[in-house]
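Okay, structure first, notes after.
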């Protein structure tokens, strides 16, 4: 099947605005291809803080509160974080709704979900948005290795997967702790590793589950990553607070073997070397290729397509635009007719793009995402949101979309003509049945509801 | 929702589906054979079984658990005694009452056939009922339901939550329900949508299911608006109760709760995990109340993908482990028992030197529950539900006759 403008806008972007299909015209692949040129666009909103600024604020607030009212409970972290989180979510939404390069925005969401943190964990709530802007967005048109390194050293990931206090059992810090406790006559608390980050980095971020690594690889990699922490503890340089900090005295000394490769270097270099190796491993290439193909093509992507993307990944040393272009140029990408059900985020953003609105202020748009089942940056697990149709098209989920569509249409129905909007945003993909239903609707509001709740709009047309 | 609205929705549902008109009989639930209810709560993230069911009588317990060890029964913050070996976490007061009322059976050192430590694969095996992840795209509970007579003409089960978890996916018709805070869509629009979906069989069925369920649990939806996030589980269980008390309602409900992945600052008698357990316990208490006499015919099964490390890690938490605990509670349960072939917590007894060694295949429990509570035949259990589990004999006498 020949690529259509509506197919390109929906499968690779966040749906069409009323004028988009006209500007995509007869060359949808060209429209997508040229979005890959240049750097990824930044987030337009002003006043967003970096993750280190946010974490610095937390630190300063803790210190001033301690000084002012010793013994008093600290102000709840959630109160500080919530407005930051909401502003970030709103900025992300606006970027997606207003984007002229919507494929890049989809890629930002894809990678942010591949390297998921979850704002459900309070330590991450205030920096989840900054994490995406700092560790994901700048690298979506760069190399996988750079993104991986940025992610694993970002405070949000270190805090989310509990690596910030992972200490080598034979490190200098562990020895010191033992001595200090035995001098004080207390039972020593053992300094030790936390293997969470190491496990998920292997299982989810790089090689993928079932690629053959063992529990020993996980434990050893966790030792490699000991000392990968976040600055801001007692004795740290305040100017550096909230940034990545390698604590050499926490690092488990000695050479280590991870997944069959021996790493003789020590210290920070050891972890960087492991990540470099993992980033180029064929299992990583296949893992990433499968996820990309599943996301943009089909729940069970054609094996030939996955192989082609994996080759592009390996041959280009993980140059992501090369992989994306292989996806665009593959005949199977366009010949696989699927109509994946949109995720709640895709659905909301595509409705906003079609209608050229948002739900209003940040609280209201947050409520929308929560209601439809996809709170920003809150997949609840490091595996991120699931990506198959059956994960999203449940009866209750569908019905909420219908209810939301009706509410949105009730607000806008009189100002948007569904009969004109439908062909403008769905193009050749507008079915006859939907067109007729819109035409026969008993009110402008009902017509708009039917458009937004139609199968054509709920699914991503091929 | 108004009464009028309700009736018109029934019309829409029955016209959208050929088979099942929705009827909502309101008479009291009376005991009838073959009408036992089963509720499965999936605890995602790997609940620490040694924290929930501390083996305080094990001579290695205190040493092996370190800062996570709880005090002996009878002390403040100490474990709630079950027997000379096992207790319950102090936050589990309701479950403790159930135990002493012979309505709780605790299963320990139990696991699925999965022996790696990935949450996602572990949950897949927990739900698919086979030996390995991703072997089949349906769940053991759905396959069991599919074998029951009557499953074709009514929703045999319901999943509470936005989507249906793998455990409940498969050939049998199941319903899904989750609370909503939006106002109703008018019935004319719904009717037109049902027509609009005629060419899309999946969406068509989903819409019909949603409308049928919406009519039943609307009251619970209103409750939901008043509760905070912390009580979400309780609210979902309240909604589940509204379905389960209906005589012609689903016999099986599945719901899930997250947040058991306590890698850091797990806490002992207080703290993060204690708080989660307290919320779970309180939700179960309210659930029993909401079920009223149906509780007497109900079994609630709580399962998780695997256990956690015996020793505390470097961040006062626990990492992914193997042997876990499971719970079977309810009036239908022949409780007051702890089922465990206890492997011990001594250094040499641990699985790979770090985890509680599993000594019981969880499918033995699942088979026993399905056989006794739902009447699934041994033949179906072997051939369709847990296809490669012949060596795993079902546990007997889990349910009261």
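Protein chains in written order, with my numbering: chain X, 1 to 462; chain P, 1 to 401.
C-beta: ideal position from N, C-alpha, C; glycine also.
- Among X:339, X:269 and X:256, nearest to residue 297 of chain X - alpha-carbon criterion: The shortest C-alpha to C-alpha distance from residue 297 of chain X to any of X:339, X:269 and X:256 is the one to X:339.
- Query: Run through DSSP, which three-state label would residue 247 of chain P get?
  - Reply: Three-state result, residue 247 of chain P: coil.
- Relative to chain C, which residues along the segment 87–121 of chain X have a C-beta separation below 7 angstroms, given in chain order? The structure shown contains no chain C; its protein chains are X and P.
- Message: For a contact defined as C-beta to C-beta under 9 angstroms, what are the partners of residue 196 of chain X on chain P?
- Response: Near residue 196 of chain X (Cβ distances below 9 angstroms), the residues of chain P are 261, 263, 264, 313, 315, 317, 319 and 320.
- Query: In the DSSP assignment, what residue or residues form a beta bridge with residue 472 of chain X?
  - Reply: Nothing about residue 472 of chain X can be reported from this structure: the residues present for chain X run from 1 to 462 only.
- Beta-carbon proximity check, residue 434 of chain X vs residue 409 of chain X, cutoff 8 angstroms: Between residue 434 of chain X and residue 409 of chain X, the C-beta spacing is not below 8 angstroms.
- Item | Reference residue 308 of chain P; option with closest CA among P:266, P:295 and P:282 | When each option's Cα is compared against that of residue 308 of chain P, the closest is P:266.
- With C-beta atoms as the reference, is residue 448 of chain X less than 8 angstroms away from residue 424 of chain X? Between residue 448 of chain X and residue 424 of chain X, the gap from beta carbon to beta carbon reaches 8 angstroms or more.
- Task: Run down chain X in chain order and give the residues with a C-beta less than 8 angstroms from the C-beta of residue 203 of chain P.
- Result: Neighbours of residue 203 of chain P on chain X, chain order: 393, 398, 455 and 458.
- Task: Return no unless some Cβ of chain X is closer than 8 angstroms to the Cβ of residue 207 of chain P.
- Result: Interface residue, yes.
- Task: Determine, using beta-carbon pairs with one atom in the segment 121–139 of chain P and one in the segment 333–342 of chain P, whether at least three such pairs fall under 8 angstroms.
- Result: Touching, no, given that fewer than three Cβ pairs across the two stretches are closer than 8 angstroms.
- Message: Starting from residue 7 of chain X, trace the alpha helix (DSSP H) in both directions and tell me its first and last residue.
- Response: Counting along the chain, residue 7 of chain X sits inside the alpha helix (DSSP H) bounded by residues 5–11.
- Task: Consider the Cβ of residue 117 of chain P: report whether some Cβ of chain X lies at a distance smaller than 8 angstroms.
- Result: At least one CB of chain X lies nearer than 8 angstroms to the CB of residue 117 of chain P.
- Residues of chain P with a CB under 9 angstroms from the CB of residue 209 of chain X: which are they? Simply 116, 118, 120, 121 and 133.
- Quick one: what's residue 159 of chain P bridged to in DSSP? P:176 and P:254, per the DSSP bridge assignment.
- For residue 294 of chain P, which beta-bridge partners are listed by DSSP? DSSP output for residue 294 of chain P lists no bridge partner at all.
- Message: Tell me which residue opens and which closes the beta strand (DSSP E) that residue 64 of chain P is part of.
- Response: Not the beta strand (DSSP E): residue 64 of chain P falls in the alpha helix (DSSP H), residues 61–65.
- Distance between residue 139 of chain X and residue 368 of chain X (C-alpha atoms, nearest Å): Straight-line Cα distance between these residues: approximately 29 angstroms.
- residue 228 of chain X - DSSP class collapsed to helix/strand/coil: The answer is strand: DSSP assigns residue 228 of chain X an E or B state.
- Going along the chain, which unbroken runs of the beta strand (DSSP E) with 3 or more residues stay wholly within the segment 206–291 of chain X? Taking only runs of at least 3 residues, the beta strand (DSSP E) segments lying wholly in the segment 206–291 of chain X are 228–230, 244–246, 256–258 and 261–263.
- Item | According to DSSP, residues forming a beta bridge with residue 341 of chain X | Beta-bridge pairing links residue 341 of chain X to X:459.
- Message: Between residue 43 of chain P and residue 298 of chain P, how many whole angstroms is the CB-CB distance? I'm expecting something under 8 angstroms.
- Response: A Cβ-Cβ separation of about 18 angstroms leaves residue 43 of chain P out of contact with residue 298 of chain P under the 8 angstroms criterion.
- Message: Between which two residues does the alpha helix (DSSP H) holding residue 51 of chain P run?
- Response: For residue 51 of chain P, the enclosing alpha helix (DSSP H) stretches over residues 49–52.
- residue 361 of chain P - DSSP class collapsed to helix/strand/coil: In this structure, residue 361 of chain P counts as strand in the three-state DSSP scheme.
- Once you ignore the five residues that flank residue 455 of chain X on each side, which residues in its own chain have a CB closer than 7 angstroms to its CB? Same-chain partners within the cutoff: there are none.
- Message: Measuring only the C-alpha atoms, how far is residue 64 of chain P from residue 55 of chain P?
- Response: Between residue 64 of chain P and residue 55 of chain P, the C-alpha separation is close to 11 angstroms.
- Message: Does chain P have any CB closer than 8 angstroms to the CB of residue 166 of chain X?
- Response: With 8 angstroms as the cut-off, residue 166 of chain X counts as an interface residue toward chain P.
- Query: When the Cα atoms are used, what is the spatial distance from residue 107 of chain P to residue 378 of chain P?
  - Reply: One C-alpha to the other measures close to 22 angstroms.
- Distance, Cα to Cα, residue 330 of chain P vs residue 135 of chain P? Taking the straight line joining both Cα atoms gives about 32 angstroms.
- Query: Would you say residue 124 of chain X reaches chain P, if we count a Cβ-Cβ gap shorter than 8 angstroms as a contact?
  - Reply: No, because no Cβ of chain P sits closer than 8 angstroms to the Cβ of residue 124 of chain X.
- Query: residue 448 of chain X by DSSP, collapsed to three states: which one?
  - Reply: Three-state DSSP puts residue 448 of chain X in a helix.
- Task: Check the Cβ of residue 402 of chain X against every Cβ in chain P and list those closer than 7 angstroms, keeping chain order.
- Result: Neighbours of residue 402 of chain X on chain P, chain order: 185 and 193.
- Indicate whether residue 105 of chain P and residue 370 of chain P have their beta-carbon atoms separated by less than 8 angstroms. Here residue 105 of chain P is not near residue 370 of chain P, since their CB atoms are 8 angstroms or more apart.
- Item | Rounded C-alpha distance that separates residue 282 of chain P from residue 260 of chain P | Each residue's alpha carbon lies about 16 angstroms from the other.
- Message: Helix, strand or coil for residue 94 of chain X? Go by DSSP, reduced to three states.
- Response: In the structure shown, residue 94 of chain X sits in a helix (DSSP, three-state: H, G or I).
- Query: Residues of chain P with CB under 7 angstroms from residue 406 of chain X, in chain order?
  - Reply: Simply 185 and 189.
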